[in-house]
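The number in the working numbering is simply the position in the sequence shown, starting from 1, with 13 added. Even glycine gets a Cβ: it sits at the ideal position worked out from N, Cα and C.
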Amino acid sequence: MKLRRLLLLSSLAALLTLPTAARADEEEHTPLGEQMEVMGDAFRDLRRSVREADRNAESLELLATIREAAVKSLDYEPEYAADIPEAQRADFIKKYHEDMKVFLTVIDDVASALKAGDNAKAEALVGEMRSAQRSGHKAYRRPKD
């Protein structure tokens with residue numbers, strides 16, 4: 014009886030938190046965020062596929078998806094830019110665009126390595142992409158409170 018009541022109460026509590034979680038997702042929904050999500054999903058799969066030469070075609074498709082989203086992300090500014098003092102904002106946005114262009118260069122290098130059949134090099138370059146992703150998120154994402 015007590016177990017049944019406890020399960021009922023915990024289920025109810027979980028249901029009550031769903032609308033709050035959904036609203037939090039809506040608040041963070043931006044065009045740039047959409048592109049970053051596309052890149053993140055494809056990148057997760059790329060990290061697995063790049064190791065295997067028989068999956069190079071798949072890896073190249075994933076890179077094309079990442080590249081397309083990265084190019085589209087150049088049309089947007091990080092939401093965090095609004096928090097940067099106006100005197101520094103233009104430099105912040107310029108640096109974001111420069112870093113994204115470097116990221117695009119690495120994407121192209123990975124594609125070249127895969128086309129040449131050099132999966133070891135491609136895998137190392139994907140590691141560079143991972144580092145760029147982490148440093149970019151640290152620099153251009155609004156810090157969580």
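Use the C-beta contact count for residue i: other C-beta atoms within 10 angstroms, 16 or more gives buried, fewer gives exposed.
i, result
"Q48", "buried"
"P156", "exposed"
"S148", "exposed"
"V123", "buried"
"P91", "buried"
Assuming residue i contacts residue j (C-beta within less than 8 Å), just tell me the rounded distance between them.
i, j, result
"L138", "A126", "6 Å"
"M113", "F56", "That belief does not hold up - the Cβ atoms of M113 and F56 are roughly 14 Å apart, past 8 Å."
"R80", "L117", "7 Å"
DSSP on residue i, reduced to helix/strand/coil?
i, result
"E65", "coil"
"H110", "helix"
"I79", "helix"
"E92", "helix"
"A100", "helix"
"T43", "coil"
"A129", "coil"
Please report the residue range of the alpha helix (DSSP H) in which residue i lies.
i, result
"A137", "132-153"
Contact the region 96-106 vs the region 59-71: 3+ CB pairs below 8 Å:
Counting C-beta pairs closer than 8 Å gives fewer than three between the region 96-106 and the region 59-71, which falls short of the contact rule.
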